[in-house]
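Structure record follows, encoded as C-alpha cells.
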Ligand code: TYC
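Shown next as C-alpha cells:
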C-alpha cells in the first residue's frame, strides 16, 4: 500500500508585545481639618470623578484613613497628586495625596 505523501513543517510565529509602562496608584489620605465638601470638589476637578464616586471615595478615606483613587503612569500620577495637594494648600487645608507603584 502506498504511503500518503504528508509533509510536516514547523513554523515559528513571532508576536511582538508592546511593553506597558509601570502604573502608579494615587492615594488620598484622611485628615481632621479639610471639609468633606472640599475633598469632593478636588476629586471631581482633578480626577474627573462624578459627584457620587467622589463622595464614596472621600468617605472611604474618612473612615479607613486612606483610599486608592486611581492608577496612572508615573508622570500623570505624580502630577495629579501634586495638583490636588496644592489645591488644598492654597485654601489652607492639609489635604494630602501620595503615589506608590502598583505591585
Ligand atoms: N476627615 C475630614 C473631616 O471630617 C474629611 C476628609 C475626608 C478629609 C477624606 C480628608 O481624605 C480626606 N472634615
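In my numbering, the protein residues as written are 4 to 106.
Glycine residues also receive a C-beta, built at the ideal position from the N, C-alpha and C atoms.
Being a predicted model, the structure only gives us computed values, none of them experimental.
By a beta-carbon distance limit of 8 Å, residue 46 does not contact residue 30. Their separation comes to about 12 Å. The C-beta distance from residue 87 to residue 27 rounds to 14 Å, too long to fall under 8 Å, and the pair is not in contact. Between the beta-carbon of residue 34 and that of residue 97 there is about 5 Å, and that keeps the pair under the 8 Å contact cut.
Secondary structure of residue 22 (DSSP, three-state): coil.
Around the beta carbon of residue 83, a 10 Å sphere encloses 16 or more other beta carbons of the protein chains shown; the residue is thus reported as buried. Exclusion of residue 89 from the 7 Å shell around ligand 1 follows from its C-beta lying no nearer than that to any non-hydrogen atom of the ligand.
Around ligand 1, the residues selected by a Cβ distance under 6 Å to any of its heavy atoms are 31, 32, 33, 34, 35, 37, 38, 39, 42, 61, 64, 65, 98, following chain order. Secondary structure of residue 86 (DSSP, three-state): helix. Close CB contacts of residue 51 within its chain, under the 8 Å cut and outside five residues either way in sequence, are absent.
If you draw a straight line from the Cα of residue 39 to the Cα of residue 61, it is about 7 Å long.
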